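Chains A and B are the protein sequences, given in the same order. One point on numbering: in numbering that gives the first Met the number 0, the residue at position 263 of the first sequence is 262, and numbering is uninterrupted. One point on numbering: in numbering that gives the first Met the number 0, the residue at position 287 of the second sequence is 286, and numbering is uninterrupted. The beta carbon of each residue, even a glycine, is placed where N, CA and C say it ideally should be. These figures come from a predicted structure and were not determined experimentally. Below: the structure, in structure tokens.
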Amino acid sequence: MNPATTRAASGDRAAGAVRRPARPGIVAAIARNTFREAVRDRVLYLLLFFALGLILLSRVLSMITVGDETKILKDFGLSAIGLFGVLTAVLMGVGLVFREIERRTVQVLLARPIRRADFLLGKFAGLALVLAVNTGLMTLGLYALLALHGAADPGLLRGIGLLYIEQLVMTAAALLFSSFSTPILSSLLTLGLYAVGHLSWSLLLLEEKLPPGAGRAVSHAFYWLLPNLDRLDIKAEVVHQVALAPSLVALAAVYGAGWVLVLLAGACAVFARREFV
Amino acid sequence: MIPPRGDGTAPSSALETLPLQAPPRPAPRDPAALRGRTPALRLAGVRKAFRRHLSLGRIPVLRGVSFEVVPGTIHGLLGPNGAGKTTTLRIILGLVRPDSGTAEICGRLASDPDSRAGVGFLPESPWFYDDLTAREFLEFSAHLAGIPGPSRAGEARRLLERVDMATRADTPLRRCSKGMVQRVGMAQALLGDPELILDEPMSGLDPVGRREFRDLILEQRAAGRTVFFSSHILQDAEMICDRVTILDRGAVAAQGELAELLGGNIRFWEVGLRGVDPTGLIARVAVLRTSGAEVIARVDSEDDLDRLLAAVVDRGGAIRSVAPCRETLEDLFLREIGAPRGGGAR
């Protein structure tokens with residue numbers, strides 16, 4: 000070791016070389032680190048490879064299927080972006096916090112003047128950035144195929160935007176579940192929420208079929224308590240070029256963002272009480 | 000009279016003392032001058048119990064632990080495995096909440112994240128981000144430590160040099176050995192020149208690394224910083240600590256300045272002689288061992304020592320060494336935790 004590189008006195012500290020870091024800076028630093036970790040993770044490339052493969056496969060399917068080739072291409076492409084985006088959000092999201100706890104890296108980070116909520120927000124922001132890049136690459140792949148058909152429709156971007164917000168909802172849910180359970184259980188809970196979120200309309204059907212009373216009230220309450228992810232799914236409308244009011248898309252985006260905030264607040268509340276033994 | 004070692008430790012053998020040159024050790028700050036300042040760390044009546052599996056009862060880990068760490072000193076938290084050292088550190092760092100009692104860093108409650116603004120922590124057997132290089136990890140840690148952007152790269156470089164990792168700065172941490180990761184961990188703890196909290200800092204290091212870490216800790220104290228570390232390697236603690244707290248089964252068994260705890264009393268003297276058989280020279284002398292022509296004898300009082308030395312000179316013998324043997328930290332530790340000598344702790 001080289002003692003010459005050690006500072007001579009604690010007077011250096013008094014000179015203000017170190018200060019309490021600003022909270023946005025902390026969140027950004029953790030987000031950047033999370034992004035860097037993720038882009039060095041082979042799982043991400045595997046998922047991206049399959050997603051792009053599926054988008055390319057849609058070209059083959061469109062040729063051998065009866066129907067409008069362009070619509071099949073769009074439908075298949077958007078589905079691939081949605082499915083692999085959610086898979087990436089869940090698979091990477093559930094490991095984000097758990098891995099830090101298991102390897103005890105979280106102890107080194109939280110031994111700094113960092114609020115636990117900032118740590119979680121940084122993790123979320125990092126994965127949100129990964130998902131943005133991921134979705135961006137898949138979107139480029141889809142538009143490249145559509146351009147070959149002369150059918151590059153900018154209207155698809157609204158659907159892709161809402162699919163991205165759905166991925167953020169799933170990331171927040173994965174963070175919430177992984178802040179108190181194992182990755183396997185967190186994956187199951189998050190995917191369960193995804194399934195329930197896309198089937199919540201059935202609660203309305205159930206409500207209609209139930210006689211007035213407690214059962215109907217419970218069904219109604221669950222419909223409003225659970226996220227309705229179908230609101231974020233406008234694939235059919237954009238593929239078939241159905242006119243959508245901009246306010247409808249904006250409301251859906253706000254609805255999704257609201258769920259992100261609720262789930263993140265829950266994750267922060269659980270994480271704040273957690274002990275790292 | 001031959002003085003004891005400069006570092007205050009008792010030699011294990013008189014032959015070891017022949018060179019009579021103790022390694023230089025920076026003088027500790029006068030604890031009396033530092034008393035009255037806000038303690039660097041303070042625990043008051045801290046209790047903690049963990050839930051058993053399936054929530055069947057609770058296992059008490061800390062039972063009312065109280066102690067203070069004087070600023071600018073090296074304070075060792077000692078104890079056998081399971082004594083509660085790591086839990087104590089985690090409570091100080093806000094990673095675990097005490098059931099009752101308070102923990103403070105420089106007068107601020109440990110539950111306040113801002114209390115850790117001037118603290119560097121090295122966990123036991125650290126494991127950092129595998130995919131990051133040592134340099135990337137240090138620059139990331141520098142950001143979290145509040146070091147301004149333009150200084151981060153320079154600080155990372157300086158500290159990697161300091162822990163002898165400059166040549167491995169761009170090696171991913173997954174390819175680093177345990178000792179290298181420990182060095183990187185020490186470098187990240189040193190970012191921003193903070194007060195240090197170290198959990199078993201010497202574990203996983205080879206003898207050279209242990210020596211280097213000891214020197215580094217002594218340098219921190221010389222620079223006016225506080226170092227609080229847990230260890231069950233008593234030799235290391237004895238060499239560098241100003242004060243110690245000994246934990247046993249979750250309670251403080253002993254604490255105070257090391258010199259006071261060990262006492263200045265010399266338990267016996269070891270005398271290395273050549274060319275003379277000490278048996279029979281005086282009444283109370285024992286031969287401990289012989290090494291070639293040299294005999295190591297033991298006397299229990301200063302009067303006996305004077306008589307023995309005079310008798311040896313009269314008989315034409317040579318005095319090769321005289322070493323006072325005081326109580327060691329190991330003796331104190333084993334006494335306080337009630338363990339038999341030669342068992343258990345290192």
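Local Cβ density within 10 Å of Glu274(A), reported as buried at 16 or more and exposed below that: Flag for Glu274(A) reads exposed.
6 Å CB neighbourhood of Gly83(B) in its chain, flanking five on each side removed: Excluding residues within five positions, the ones whose Cβ falls inside 6 Å are Val60, Leu61, Leu246, Gly249.
Unbroken stretches of the beta strand (DSSP E), 3 residues or longer, contained in the stretch 34-95 of chain B: Those beta strand (DSSP E) runs which fall completely within the stretch 34-95 of chain B and span 3+ residues are 40-50, 57-68, 73-77.
Where the beta strand (DSSP E) through Ile159(A) begins and ends: Where Ile159(A) is concerned, there is no enclosing beta strand (DSSP E), although the alpha helix (DSSP H) it sits in stretches over 155-177.
Proximity of Ala266(A) and Ser178(A) at Cβ, strictly below 8 Å: Yes. Within cutoff.
CB of Gln284(B) within 8 Å of CB of Leu307(B), strictly: This sequence places Val at residue 284(B); Gln is not what is there. Yes.
Beta-carbon gap between Val270(B) and Val312(B) smaller than 8 Å: With contacts defined as CB atoms closer than 8 Å, Val270(B) and Val312(B) fail to qualify as a contacting pair.
C-alpha gap between Leu14(B) and Arg288(B), whole angstroms: With a pLDDT of 33 at Leu14(B), under the threshold of 50, the modelled position of that residue is not reliable, and the figure given next carries that caveat. Rounded to whole angstroms, the separation of the alpha carbons of Arg288(B) and Leu14(B) is 11 Å.
C-beta neighbour in chain A for Ala116(B), strict 8 Å: For Ala116(B), the closest Cβ of chain A is nearer than 8 Å.
Validate contact between the stretch 69-76 of chain B and the stretch 236-245 of chain B using beta carbons, cut 8 Å, 3 pairs: Yes: the two stretches touch, three or more of their Cβ pairs being nearer than 8 Å.
Residue from Ala235(A), Leu184(A), Ile183(A), Leu86(A) with nearest C-alpha to Val129(A): Nearest in C-alpha terms to Val129(A), of all of Ala235(A), Leu184(A), Ile183(A), Leu86(A), is Leu86(A).
Chain A contact for Arg24(B) (CB, 8 Å cutoff): For Arg24(B), the predicted model reports a pLDDT of 42, less than 50, meaning its position is unreliable and no value from the coordinates is stated.
Contact check, Gly78(B) vs His231(B), beta carbons under 8 Å: Between Gly78(B) and His231(B), the CB-CB gap stays under 8 Å.
Alpha carbon of Ile313(A) to alpha carbon of Trp126(B), nearest angstrom: Only positions 0 to 276 of chain A appear in the structure, and residue 313(A) is not among them; the question remains open.
Among Ala242(A), Phe221(A), Thr189(A), Ala194(A), nearest to Leu202(A) - alpha-carbon criterion: Cα-wise, what sits closest to Leu202(A) is Phe221(A).
Beta-carbon proximity of Thr170(B) to Ala133(B), cut-off 8 Å: Going by C-beta atoms, Thr170(B) is nearer than 8 Å to Ala133(B).
Three-way DSSP call (helix, strand, coil) for Phe227(B) in this model: In this structure, Phe227(B) counts as strand in the three-state DSSP scheme.
Helix, strand or coil at Pro23(A) [DSSP, three-state]: It is helical.
Beta-carbon proximity of Gly76(A) to Ile54(A), cut-off 8 Å: Yes, they are a contact pair.
8 Å Cβ cutoff, Asp130(B) in contact with chain A: Judged by the 8 Å Cβ criterion, Asp130(B) is in contact with chain A.
Check whether His308(A) and Leu228(A) have beta carbons under 8 Å apart: In the structure displayed, chain A extends from 0 to 276; residue 308(A) sits before or after that span and is not available.
Cβ-based burial, Ile29(A) [other Cβ within 10 Å; buried from 16]: With 16 or more other Cβ atoms within 10 Å, it is buried.
Simplified DSSP state of Ile146(B), which is helix, strand or coil: Coil.
Boundaries (first-last residue) of the alpha helix (DSSP H) holding Asp74(A): 68-101 is the extent of the alpha helix (DSSP H) around Asp74(A).
Pair within 8 Å by beta-carbon distance, Gly145(B) and Leu189(B): The Cβ-Cβ distance between Gly145(B) and Leu189(B) does not fall below 8 Å.
Any C-beta of chain B under 8 Å from that of Pro112(A): Chain B, which has a Cβ nearer than 8 Å to the Cβ of Pro112(A), makes this yes.
Residues sharing a beta bridge with Gly271(B), DSSP: Ile295(B), Ser320(B), per the DSSP bridge assignment.
Which listed residue (Leu90(A), Val65(A), Met137(A)) has its alpha carbon closest to that of Leu162(A): Out of Leu90(A), Val65(A), Met137(A), Met137(A) has the C-alpha closest to the C-alpha of Leu162(A).
Coarse secondary structure for Thr189(A), derived from DSSP in three states: Thr189(A) falls in the helix class under three-state DSSP.
Ile54(A) CB to nearest heavy atom of the ligand SAM below 7 Å: Only the bare structure without any ligand can be found here, which leaves the ligand SAM out of the picture.
Nearest-angstrom Cα separation, counted from Leu159(B) out to Gly208(B): The straight-line gap from Cα to Cα measures roughly 14 Å.
Where Asn32(A) meets chain B, residues with beta-carbon distance less than 8 Å: Within chain B, the residues Tyr128, Leu131, Phe139 have their CB atoms less than 8 Å from the CB of Asn32(A), given in chain order.
Assigned secondary structure, Pro193(B) (DSSP; H/G/I helix, E/B strand, else coil): DSSP places Pro193(B) outside both helix and strand once states are collapsed to three, so it counts as coil.
Cβ distance (whole Å) where Asn159(A) is taken to contact Thr134(A) below 8 Å: Per the sequence shown, the amino acid found at residue 159(A) is Ile instead of Asn. The pair is a contact, with the Cβ atoms about 7 Å apart (cut-off 8 Å).
Boundaries (first-last residue) of the alpha helix (DSSP H) holding Phe270(A): Where Phe270(A) is concerned, the enclosing alpha helix (DSSP H) stretches over 245-272.
Nearest-angstrom Cβ-Cβ length linking Ile91(B) and Ile196(B), presumed shorter than 8 Å: The distance from the Cβ of Ile91(B) to that of Ile196(B) is about 6 Å, consistent with a contact at the 8 Å cut-off.
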